[in-house]
Amino acid sequence: MPKRKRGVTGDAASRREAIRKRERRVAETDEERNRRLSTMAQRGQKRRAEDTEEQRNSRLSTMAQRGQDRRAEETEEQRTVDWSDMAQTSPAEKSRRNRRTKK
């Protein structure tokens, strides 16, 4: 990860804003959180609905590239461990893990 540049105008202000957002999220109720996430999802749906085919293809291409990059960075050992874990994990345990990560 590259070092953070210092002295860039607005850098300290953007860090403070990020801290305020994080603190606000910690204090929010489940209802407020659900409303915020729902609003974000609606904005994304609206943006995607307005996309041209070219924009959509570009977005999908970028997603595919990120996945390829992530897989390329994985070591063979990591892949082996992941496959081994998947083979040994029961469907009930997988479901339990998924519920835990979605919250």
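Using UniProt numbering, read the sequence shown as starting at 1 and increasing by one per residue. For every residue, glycine included, the Cβ atom is placed at its ideal position computed from N, Cα and C.
So, with DSSP's three-state summary, where would you put residue i?
i: D30; result: helix
Considering residue i, what are the terminal residues of the alpha helix (DSSP H) in which it resides?
i: R76; result: Residue identity differs from the one stated: residue 76 is Glu in this sequence, not Arg. Per DSSP, E76 belongs to the alpha helix (DSSP H) from 76-88.
i: T62; result: 53-73
Tell me the rounded alpha-carbon separation between residue i and residue j.
i: E76; j: R66; result: 18 Å
i: K46; j: A18; result: 25 Å
i: A49; j: V81; result: 39 Å
i: P91; j: A64; result: 28 Å
i: R99; j: A41; result: 20 Å
Leaving out the 5 sequence neighbours to the left and right, which residues in its chain are closer than 8 Å to residue i when beta-carbon positions are compared?
i: R33; result: R25
i: K21; result: none
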